[in-house]
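Chains as they are written, first to last, in the numbering used here: chain L, 4 to 481; chain H, 4 to 481.
Reading through the C-alpha cells given below for one structure.
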C-alpha cells in the first residue's frame with residue numbers, strides 16, 4: 004500500500020490544477036515523452052497503440068464507404084501553397100520552411116505540409132478529365148506540422164498525426180452529402196468507440212477552415228467544461244478547383260469544375276479521451292481502444308498454483324481480448340495503482356481462495372465496482388463488462404455535459420454565465436461577426452458551432468437584439 | 004483488339020530500354036504520379052495498397068517478435084544530429100534543413116529526419132535506467148527525406164516511406180541476434196510473400212551504414228541483372244549509447260552501456276517487385292500483395308445471365324480473396340490488357356458457354372496458362388493457383404539470378420565479365436578497401452555483400468593476390 008500510495012500521490016488532483024493533472028497523466032501513464040525538439044512529442048508504445056486502434060477502426064470505416072488511401076509528398080513548394088488565396092493566408096504564418104537541401108540553397112522554399120489540399124488538387128488536375136473519373140475518394144495517413152507558439156501534448160503540438168480525406172465530386176449535393184457522411188463517421192467513432200458524446204454542427208464563418216465554404220464539426224466537452232473540436236469536415240465548393248484548373252467533361256459534354264471536400268481527425272482525440280474520462284487515479288480508457296483491456300493480477304503469487312492459474316487465464320483471455328498478466332515482484336497494491344494509472348478497463352484478481360472456489364474478482368476501472376465471476380463464465384462476463392464500462396463512461400461524460408450546458412439571453416447574462424464554471428453556453432445569434440467578436444471580447448468565449456439540432460430560445464440575437472438566424476453553442480475551447 | 008493493342012504499345016519493351024520500360028510501367032499501372040515537388044512522388048491508390056499489404060505482413064511479424072510501435076518527431080535539431088560523429092558525416096550532406104517557422108528565423112536549424120537513430124537515442128537516455136528496462140524493441144512507420152540529386156520512382160526518391168526499428172539490448176550477443184532475426188524476417192518477406200529470392204550477407208565497411216559497426220543486407224537481383232539492396236539491419240555496438248550517454252545499472256550493479264541495432268525496409272520494395280517480375284505487358288504482382296488478386300471479366304456481357312453470374316461469382320470470391328468484376332463497356336480484349344498492365348495474378352473469364360457448362364476460364368498473369376475450372380471448385384482452385392503463380396514467379400526470378408551469377412578470379416577477368424551482361428560477380432577478397440575501390444574504378448561494380456553462405460573459390464584476392472578473407476558478391480546496383 005505504501006507503494007501504491009506513492010504512485011497515486013505523484014499526480015496532481017484535477018480539482019487542484021486540471022492542466023497540471025493532464026500533463027501528469029500523459030507522462031505517468033507513459034503515453035508520451037518530451038524531446039529536445041520544441042513543441043513536438045514522442046508517442047510512446049502505450050500512447051501509439053491507442054492511436055493504432057483509432058486508425059484501425061477509421062480505416063475500415065473509410066474503406067467500407069469507398070475511400071482509398073494514397074500518399075502525397077510532405078513538402079509543398081511555396082508557389083503551390085499560394086494558388087488559393089484564403090488558404091495561403093490561413094496557413095503561411097504557421098508553416099515550417101525548408102530552405103536548404105544539404106549545403107545547397109533552394110531556388111524556391113518548400114513548406115512542410117500543414118495540410119495537403121494543394122497537393123491533392125494538383126494531382127486531381129492530372130487525373131480528373133471526365134465525369135467517369137468521379138468521384139475521387141482519397142485519404143492519407145500522415146503527420147503535419149503547424150508552427151504553434153504554445154503547445155500541449157496531444158492538444159496542440161507542432162507536429163501531429165492525422166488522416167486527411169480529400170474528395171472530388173460531380174455535383175455540390177454529392178460533395179455536401181460526403182461532408183455529412185464523414186462527420187457522422189467521426190461522431191460514431193467518438194460516441195460508439197471512445198464513449199465521448201459530441202454535438203454536431205456547422206462552424207461560423209470566423210471559425211471555418213481557410214479556403215472552405217463551410218466547415219462542419221463535432222464538439223466534445225471535457226471534464227473541466229472546456230470544449231474540444233474533435234473532428235471537422237469541409238465543403239469547398241469549386242474554389243480550389245478553379246484555382247488549380249481542375250475541369251472535367253460532364254454528362255452534358257461541357258467542361259465543369261468538380262466540387263470538393265476534405266475532412267480530418269488527429270491524435271488530439273487521445274487528449275479528448277484523457278480529459279473526458281480520466282480521474283484522480285489517472286487515465287481511464289474506453290475498452291475498444293485500450294491497448295490492455297484486462298490486467299490479470301495474481302494475489303499471493305508465491306503460493307502454489309496461483310501463477311500457473313493466472314497464466315492459464317491469460318491464455319484463455321487472449322483469444323478474445325487484449326490482456327496482460329503481471330507476475331512481477333511488485334505488491335498487488337502497487338500493481339493495482341499502476342494499471343489504474345494506465346486506465347486499463349478491467350482488473351482481474353486471482354488468489355488461492357478464488358482458485359479454490361473456481362472464481363475471480365473483476366474490478367471496473369471507471370467506478371471500481373467489483374464482481375465475483377465464476378471462472379467458467381469469463382468468455383461472456385468480460386465482454387459484458389466492457390460494454391458496461393463503455394456505457395458508464397459515456398453516461399458520465401453526457402451527464403457532465405448536461406450539467407454544464409447553460410443558456411444566455413443577453414450579453415450581460417453571457418458575461419455572467421461565462422464567468423462561472425466552464426461549459427457550453429447556448430444563445431440565439433443574428434449571424435453578424437461583430438456580435439461573435441463581442442462575445443469573445445467581453446465573455447472570453449468563442450463560437451463552438453451552430454448545432455444541426457437547433458432550438459428556438461428567443462426571437463432575437465442575445466448580443467445585439469436584431470432578429471436571430473441560428474442558435475449557437477459558445478464556450479472556452481482547447 | 005485495337006484498344007488492347009493501343010494500351011500495350013504504350014510501354015517501351017524491356018529489351019529496348021529497361022529504364023524507360025520501368026518508368027512506363029509505374030505510370031501506366033497507376034502506381035504513382037509526379038508532382039511539382041522535385042524528386043518526390045505521389046503514391047496512388049494502387050501503389051499505396053501494395054505498400055499496405057507489405058506493412059500489414061511486416062507489422063504482424065514485428066509484433067509477434069515482441070516489438071512495439073512508437074512515433075518520434077520528424078524534425079531533428081542540428082545539435083542532436085551532430086552527437087555521433089560518423090553518423091552526421093554520413094547524413095548531413097543529404098538532409099533538408101528547416102530554417103524558418105512562419106516568418107521567424109530559427110535560432111537552431113532543424114533537419115527533416117533522414118533516419119531517427121539520434122531521436123531514439125535521446126529518448127532511450129530518458130527511459131533506460133536498469134537491466135530490467137531492457138530490451139527495448141521499438142519500431143516506427145513514417146516517411147524520411149534524403150536530398151538526392153537524381154531520383155527514380157520507388158528506387159531513389161527524396162522522400163520515401165519506410166519502417167525503422169531501433170532496439171537496445173543488455174549484451175552484444177543479444178543485439179547481434181536481433182539483427183539476424185530481423186534480417187531473416189526481411190528475407191522471409193521477400194521470398195515467401197514477394198516471391199523474390201535474396202542473398203543474405205554482410206556489407207563491407209565501405210558500404211555499411213554511417214555509424215554502424217556492422218550492416219547486414221539482403222540483395223535481390225532484378226530482371227536486368229542489376230542488384231537491389233532490399234533491406235538492411237545494423238549492429239551499432241555501444242557507439243551511439245556512449246555518444247548519447249545511455250547507461251543502465253547491470254545485474255552486477257555496475258553502470259553499463261547498452262548494445263543497439265536498427266533495421267529498415269522501404270517503398271523501394273515495390274520497385275523490386277516491378278523489376279523482378281514485370282514483363283512487356285506490364286506489372287506482374289505476387290498474389291499476397293496484389294491489391295486485386297482476381298479480375299472477373301464477363302464475356303459477351305450483353306447476353307442474358309452473364310452479368311448476373313459474374314456478380315454472383317464476385318460475391319463468392321470476396322469471401323476469400325480480393326476481387327474486382329469489370330462490367331464496364333470496354334471490350335474484353337481491352338480489359339485483358341488493362342489487368343495485365345496492372346499485374347493482377349489471375350483473370351477469370353466467364354461467358355454464356357461457360358455458364359452453360361458450369362465452368363469458367365482462369366488465366367495466370369505470370370505465364371498466361373489457362374485452366375478451365377468447374378464453378379463448384381473455385382474455393383480450392385483459386386488459392387492453389389495463387390500458390391502456383393507465387394512459385395512460378397519465384398522460380399523464374401531464381402533462374403534469372405542463377406543464369407546471371409558469374410565468377411572472376413582476377414582483375415582482368417572481373418573487368419571482362421563486368422563488361423558483359425549485368426549480374427552478380429563472385430570473387431575472393433583480401434578485405435582491403437583499396438581492392439574494393441579498384442573493382443569499382445576499373446569494372447564499375449560495387450560490393451553487394453559478403454554472403455553468409457561463403458564459398459571457397461580461390462586462396463587469394465582476385466584483385467591483389469594477397470590471402471583472401473572472404474568471398475564477395477559484386478555488381479551494378481540500383
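Here a beta-carbon is modelled for each residue, glycine too, at the ideal position from N, C-alpha and C.
In this text, all values refer to a predicted model and were calculated from it rather than measured experimentally.
Distance check between residue 431 of chain L and each of L:347, L:33, L:467 and L:322 places L:467 closest, using alpha-carbon atoms only. Within chain H, the residues placing a beta-carbon under 7 Å from that of residue 150 of chain L are 104 and 105, ordered along the chain. Of all alpha-carbon atoms in L:223, L:445 and L:25, the one lying nearest the alpha-carbon of residue 408 of chain L is that of L:223.
With contacts defined by Cβ atoms closer than 8 Å, residue 355 of chain H and residue 71 of chain L do not form a contacting pair.
Separation of residue 241 of chain L and residue 266 of chain L (C-alpha to C-alpha, rounded to the nearest whole angstrom) is 16 Å.
Collapsing the DSSP output to three states places residue 144 of chain H in a strand. Within chain H, the C-beta atoms nearer than 7 Å to that of residue 75 of chain L come from 45, in chain order.
Annotation: Cβ neighbours of residue 51 of chain L in chain H (cutoff 7 Å, chain order): 72, 73 and 74.
Assignment of residue 469 of chain H by DSSP, reduced to helix, strand and coil, places it in the coil class. According to the DSSP assignment, residue 386 of chain H belongs to the alpha helix (DSSP H) that extends over 381-406. Among the residues of the region 74-102 of chain H, those with a Cβ less than 9 Å away from any Cβ of chain L are 74, 75, 76, 77, 78, 79, 80, 82, 83, 95, 96, 97, 98, 99, 100, 101 and 102, in the order of the chain. At least 8 Å separates the CB of residue 131 of chain L from every CB of chain H.
The beta carbon of residue 28 of chain H sits closer than 7 Å to those of 14, 277, 281, 285 and 286, all from its chain and outside the five residues before and after it, given in chain order.
Short of 6 Å from the beta carbon of residue 188 of chain L, and not among the five residues preceding or following it, lie these beta carbons of its own chain, in chain order: 64. With respect to the C-alpha of residue 243 of chain L, the residue from L:260, L:204, L:235 and L:66 having the closest C-alpha is L:260. Interface with chain H (8 Å Cβ-Cβ cutoff): residue 36 of chain L is included. With its beta carbon less than 8 Å from one in chain H, residue 126 of chain L belongs to the interface.
Within chain H, no C-beta atom comes less than 7 Å from the C-beta of residue 117 of chain L; the nearest is roughly 10 Å away.
For residue 220 of chain H, the three-state secondary structure derived from DSSP is strand. CA-to-CA, the gap between residue 447 of chain H and residue 411 of chain H works out to about 14 Å. Rounded to whole angstroms, residue 470 of chain H and residue 435 of chain H show a C-alpha spacing of 11 Å. Interface residue (Cβ-Cβ distance to chain L less than 8 Å): residue 164 of chain H is classified as such. Going by beta carbons, residue 320 of chain L and residue 381 of chain L fall inside the 8 Å limit. At a cut-off of 8 Å between beta carbons, residue 29 of chain L makes no contact with chain H. Within the same chain, Cβ atoms closer than 7 Å to the Cβ of residue 181 of chain H are found at 170, 172 and 264, the five residues on either side in sequence being excluded.
For the region 324-379 of chain L, the full-length beta strand (DSSP E) segments reaching 3 residues or more read 326-328, 349-353, 362-367 and 373-377 along the chain. Judged by beta-carbon spacing, residue 133 of chain H lies within the 8 Å limit of residue 251 of chain H, meaning their Cβ atoms are closer than that value. At least one C-beta of chain H is nearer than 8 Å to the C-beta of residue 55 of chain L. In this structure, DSSP gives residue 428 of chain L an extended state, which the three-state scheme calls strand. Close CB contacts of residue 418 of chain L within its chain, under the 8 Å cut and outside five residues either way in sequence, are with 445 and 446 (chain order). Under the three-state reduction of DSSP output, residue 94 of chain L falls in the helix class.
For residue 361 of chain H, the closest alpha carbon among the candidates H:149, H:312, H:340 and H:198 is that of H:312. A check of alpha carbon separations from residue 195 of chain L across L:22, L:69, L:292 and L:335 identifies L:292 as the nearest.
Note that the region 418-427 of chain H does not touch the region 213-220 of chain H; fewer than 3 beta-carbon pairs, one per stretch, sit closer than 8 Å. In the displayed model, residue 233 of chain H falls within a strand according to three-state DSSP.
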